[in-house]
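Worksheet: the structure to be examined is printed underneath.
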Amino acid sequence: MSSFTGAIESPTITEETKTREARDLPWQVVVHNDPVNLMSYVTMVFQKVFGYPKQKAEMHMLEVHRQGRSILWHGVRERGELFVQQLHGYLLLATIERTE
Amino acid sequence: MTMEVSRNNGTLEIKEIDPFLAELLRQIPESGNPRAIPAAERRLFSSPANPETEKEICAEWKLYVEPELRRIFETATETVQGDLRQLNGNEKPFANCALRIPLGNSEAWLNALNRARLALAAEFSFTEEELSDHYRSPIGSRRDLGLFQVNFYGFLQEFILREMECSTQPASPNESTPPNE
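Here the protein sequences line up with chains Y and U, keeping their order.
Residue numbers for the first sequence follow the numbering used here, so the first one is 1 and each next one is one higher.
Residue numbers for the second sequence follow the numbering used here, so the first one is 1 and each next one is one higher.
Here it is, written out as structure tokens:
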């Protein structure tokens with residue numbers, strides 16, 4: 001019967017890898033202007049999807065209306081994709097983009 | 001063209017709907033499912049990212065998310081179709097009718113109305129000026145009727161949104177408590 005007495009060598013790190021979260025951080029959810037969607041409807045959607053209070057939701061809605069687009073959220077890609085999916089469920093023109 | 005709208009015990013009531021408006025209501029499900037109109041399909045299932053630079057995201061979206069969106073839209077359509085059956089029971093074909101929408105179905109109605117408006121706007125390529133002209137008349141073509149539908153469905157959306165907001169707001173102290181004696 002043999003016994004193991006040797007020590008395990010420390011692994012050599014040859015390449016530093018970033019965590020998935022750090023790699024995915026620079027994404028943003030953008031909502032684009034659409035002449036058909038009602039302003040009150042867009043405000044309601046922002047409240048529901050992002051949990052924003054009405055005042056903040058209206059501010060983003062007006063930014064979309066006046067400037068053509070508004071950045072609603074920053075973060076990791078997976079979460080951003082889920083927000084875009086919810087926004088498309090409400091028929092808003094929304095995209096996920098890499099933060100510049 | 002007439003109708004009356006109100007809220008009563010958790011139900012949105014649309015009464016005295018004349019036959020023309022009743023027919024437009026019946027067309028909501030069909031208007032929001034324009035599979036044969038590419039422009040409308042493109043609008044209802046728009047790209048989630050820049051297709052040139054984010055090919056992977058767009059490909060996964062087509063595969064996994066778009067079928068789920070179609071399922072959500074179909075469920076909303078079925079709910080609205082269920083409520084619209086109330087319009088079929090009138091024995092007199094040219095009599096005004098009524099429609100009661102449970103508040104719990106509000107989201108399905110908003111979804112179906114929005115799809116119908118977006119699809120019609122895409123089908124007829126309405127300009128922003130046309131969409132803002134709420135009093136355009138008379139209806140002389142299929143395109144004019146489409147614009148009228150967009151505005152009529154928008155009016156219903158506004159009504160539903162307002163009633164949803166009212167139903168979530170707490171009653172004012174004067175309404176919820178008896179006056180001090």
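Where a beta carbon is used, it is the ideal one built from N, C-alpha and C, also for glycine.
- Going by DSSP, Trp73 of chain Y is part of the beta strand (DSSP E) stretching over 69 to 75.
- Below 8 Å, enough C-beta pairs join the stretch 137 to 156 of chain U and the stretch 108 to 123 of chain U to call them touching: three or more.
- Excluding its 5 nearest sequence neighbours in each direction, Arg42 of chain U has C-beta neighbours in its own chain below 8 Å: Ala122, listed in chain order.
- Of Y:Trp73, Y:Met59, Y:His74, the smallest CA-CA separation from Gln67 of chain Y is found for Y:Met59.
- Looking at the DSSP output, His32 of chain Y bridges to Y:Arg69.
- Assignment of beta-bridge partners to Leu12 of chain U by DSSP yields U:Arg7, U:Ile101.
- Taking all protein chains shown into account, Gln85 of chain Y has 16 or more neighbouring C-beta atoms within 10 Å of its C-beta and is therefore buried.
- Residue contact with chain U for Thr99 of chain Y: absent (no Cβ-Cβ distance below 9 Å to any residue of chain U).
- In this structure, the CA atom of Pro38 of chain U is about 27 Å from the CA atom of Leu84 of chain U.
- Between Met39 of chain Y and Leu62 of chain Y, the CB-CB gap stays under 9 Å.
- For Glu129 of chain U, no beta strand (DSSP E) segment is defined; the enclosing uninterrupted segment is the alpha helix (DSSP H) at 128 to 132.
- Listed in chain order, the positions of the stretch 89 to 119 of chain U with a beta carbon within less than 8 Å of a beta carbon of chain Y are Leu110, Asn111, Asn114, Arg115, Arg117, Leu118.
- When the beta-carbon positions are compared, Gly89 of chain Y and Trp27 of chain Y stay at least 9 Å from each other.
- Pairing Glu163 of chain U with Ala36 of chain U, the inter-Cα distance amounts to about 34 Å.
- Thr77 of chain U and Thr168 of chain U have their C-alpha atoms some 24 Å from each other.
- Within the stretch 35 to 46 of chain Y, those residues whose Cβ lies closer than 8 Å to any Cβ of chain U are, in chain order, Pro35, Val36, Asn37, Leu38, Ser40, Tyr41, Met44.
- Annotation: the continuous beta strand (DSSP E) that includes Thr95 of chain Y extends over 94 to 98.
- Residue burial annotation: Cys166 of chain U is exposed, with fewer than 16 other C-beta atoms found within 10 angstroms of its C-beta.
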